[in-house]
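One structure below.
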Amino acid sequence: MAKKFKFLYNLYMDLEIDFKICQILKHAIDQTPVPYIITDDVGKILYVNDAVLNATGYTREELIGKKTSIFKSGKHNSEFYKKMWDTISKGNFFSSRMINKKKDGSFYQVRVNIQPIKIGDKVSFYLSREEDLTNIIELESKLIESQKLESVALMLGELSHDFNNFLTVIIGSLELIKDEMKQGSVYEQLLIEILKSAKDQANMIKQLLTFARKSVPVAKETDINNLLCEIKPLIQAQITSKNKLIYELSEDLKRANIDEQLIKQALLNLTANARDSIEGTGTIKIKTYNHKSNDEYTEPFHVGEYAVIEVLDSGKGLNDEALKHLFEPFFTTKPKGKGTGLGLSSVYGIVKNHNGYIYGSNRKDTSGASFRIYFPAI
Ligand SMILES: Nc1ncnc2c1ncn2[C@@H]1O[C@H](COP(=O)(O)OP(=O)(O)O)[C@@H](O)[C@H]1O
Ligand SMILES: [Mg+2]
């Protein structure tokens, strides 16, 4: 009798532990911010945690009992889904990048990991876990963009270097000829025109060389706030009195090693663009602050501290084309004669030359663009 009782007692204890583990697992999945879905063997949703609701915008009632095809975005062909079902129905783990659709119709990118759950020999359920890829995809596109710019810079660097030498000889010789020429003659007039055009080209080449980083910056430890105050009148004159200029400078801004002349040039390029983007009247704001980067996997920076200058405007913002090609030389949306498309590429070169980072995007709080420059802090 005592033996039987012991057996029953042990069984009870085992069940009690199993039950506890089940409860713990359920709480863990309920509470994790990673989306988990459990479906039956045909993909009908039996369980979703709160993270799924947050990611998709659906309520639990809208999902339970529906097929997972509710998330189909139409971005994958039938082959893709066939391969997925072939894999999981045989009891194998499936993992792939996937574009899904939210309730509001917008898309989101995830890595879907599906684990078939067997009861006995039969695959009876599926457990799917989604990893959010928004951050990684953003990092990837930034990396591709910067690699592209690096190769363009390399190519243009060589070309513009030779061209610059060539133009220097031409301009020098033309100046000498001009000195000897009879004043007021038609030839002198022609020569002045040629000289002007050669100088315009030389100016363009100079900006390309800045982009290609052929010059070495003369950097010294600088208080960036001071520098911004120094050029305030210049910016004010440039953006005209129609636009309001606001400074919001951090009081404890870290110092950085910078070439003042180059950074002034970069800032004037950014504020000129800000001015051009504003139709009528508007506001241009310049902010400074410190930024600390701790995690190389979630931020596009090397770990460390940065002094940041941000230029914000209330203009029409960056269009899709501009967002794609922002720092490429010769990319411009302005009419001929107004834009050269060399402003931002030279700013890019200047920032890179300081081992810094530059990002441009549309503002989230209101209309207009924001450009942020990160300098490694001392
Ligand atoms: N603050 C801004 N707001 C809106 N668009 C901008 C802004 N800054 C740059 N852009 C876009 O980026 C393009 C490239 O700028 P840039 O390299 O300075 O050349 P450019 O000013 O000669 O056109 C601009 O033509 C414009 O479309
Ligand atoms: Mg410009």
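Per our numbering, residue 3 is the first one in the sequence shown, and the count goes up by one each step.
Cβ atoms here follow ideal geometry from the backbone N, Cα and C, with glycine treated the same way.
{"query": "Rounded Cβ spacing between Arg374 and Glu312 (contact assumed at less than 8 Å)", "result": "5 Å"}
{"query": "Ordered list of beta strand (DSSP E) runs contained in the region 124 to 150, each at least 3 residues", "result": "124 to 134"}
{"query": "Under 8 Å between C-beta atoms of Lys103 and Lys84", "result": "no"}
{"query": "Beta strand (DSSP E) segments (min. 3 residues) lying fully within the region 220 to 256", "result": "222 to 224, 246 to 250"}
{"query": "Rounded C-alpha distance that separates Lys294 from Ile360", "result": "15 Å"}
{"query": "Where Phe377 sits in the DSSP three-state scheme", "result": "strand"}
{"query": "With 16 other Cβ atoms within 10 Å as the buried cut-off, status of Ala155", "result": "buried"}
{"query": "Beta strand (DSSP E) runs wholly inside the region 48 to 116, at least 3 long, in chain order", "result": "96 to 103"}
{"query": "Cross-strand partners of Asp297 (DSSP beta bridge)", "result": "Answer by DSSP bridge pairing: none, since Asp297 is not bridged."}
{"query": "Length of the line joining the Cα atoms of Thr342 and Asp202", "result": "11 Å"}
{"query": "Close Cβ partners of Asn94 (< 8 Å) along its chain, the five nearest in sequence each way excluded", "result": "Pro118"}
{"query": "Cβ-heavy atom distance, Lys244 to ligand 1, below 7 Å", "result": "no"}
{"query": "DSSP bridge partner residues for Phe205 (one or two, in chain order)", "result": "The question names Phe, yet the displayed sequence has Asn at residue 205. Asn205 is not bridged to any residue."}
{"query": "Segment contact flag, the region 282 to 294 with the region 104 to 114, C-beta cutoff 8 Å, min 3 pairs", "result": "no"}
{"query": "Straight-line Cα distance separating Ile146 from Thr368", "result": "28 Å"}
{"query": "Paired residues, beta bridge with Tyr189 - DSSP", "result": "Tyr189 is not bridged to any residue."}
{"query": "Cβ neighbours of Leu270 in the same chain (closer than 8 Å, five flanking residues each side left out)", "result": "Ile233, Leu236, Ile237, Gln240"}
{"query": "Straight-line gap, Ala204 to Thr34 (C-alpha atoms, nearest Å)", "result": "60 Å"}
{"query": "Lining residues of ligand 2 - beta-carbon closer than 5 Å to any non-hydrogen atom, in sequence order", "result": "Asn275, Gly345"}
{"query": "DSSP-derived helix/strand/coil call for Tyr30", "result": "For clarity, residue 30 is Ala in the given sequence; the question names Tyr instead. Note: Ala30 maps to helix in three-state DSSP."}
{"query": "Contact set for Phe329: own chain, Cβ-Cβ below 7 Å, skip 5 residues either direction", "result": "Leu151, Leu346, Ser347, Tyr350"}
{"query": "Own chain, CB closer than 7 Å to Phe165, minus 5 neighbours either side, in chain order", "result": "Ile207"}
{"query": "Leu264 classed as buried or exposed, judged by whether at least 16 other C-beta atoms fall within 10 angstroms", "result": "buried"}
{"query": "Where Glu63 falls, given that 16 or more other Cβ within 10 Å makes a residue buried", "result": "exposed"}
{"query": "Beta-bridge partners of Gly306, as assigned by DSSP", "result": "Ser295"}
{"query": "Simplified DSSP assignment, three categories, for Asn259", "result": "strand"}
{"query": "Span of the beta strand (DSSP E) around Asp322", "result": "First-last for Asp322: 322 to 327, but that is the alpha helix (DSSP H), not the beta strand (DSSP E)."}
{"query": "First through last residue of the alpha helix (DSSP H) which encompasses Asn355", "result": "345 to 355"}
{"query": "Within 8 Å, strictly: CB atoms of Gly358 and Gly317", "result": "no"}
{"query": "Inter-stretch contact at 8 Å, needing at least 3 Cβ pairs: the region 166 to 174 / the region 111 to 130", "result": "no"}
{"query": "According to DSSP, residues forming a beta bridge with Tyr359", "result": "Tyr376"}
{"query": "Helix, strand or coil at Asp42 [DSSP, three-state]", "result": "strand"}
{"query": "Exposure label - Lys354; buried when at least 16 CB within 10 Å", "result": "buried"}
{"query": "Ile39 vs Ile31 beta-carbon contact at 8 Å", "result": "no"}
{"query": "Any non-hydrogen atom of ligand 1 closer than 7 Å to Asn271 Cβ", "result": "yes"}
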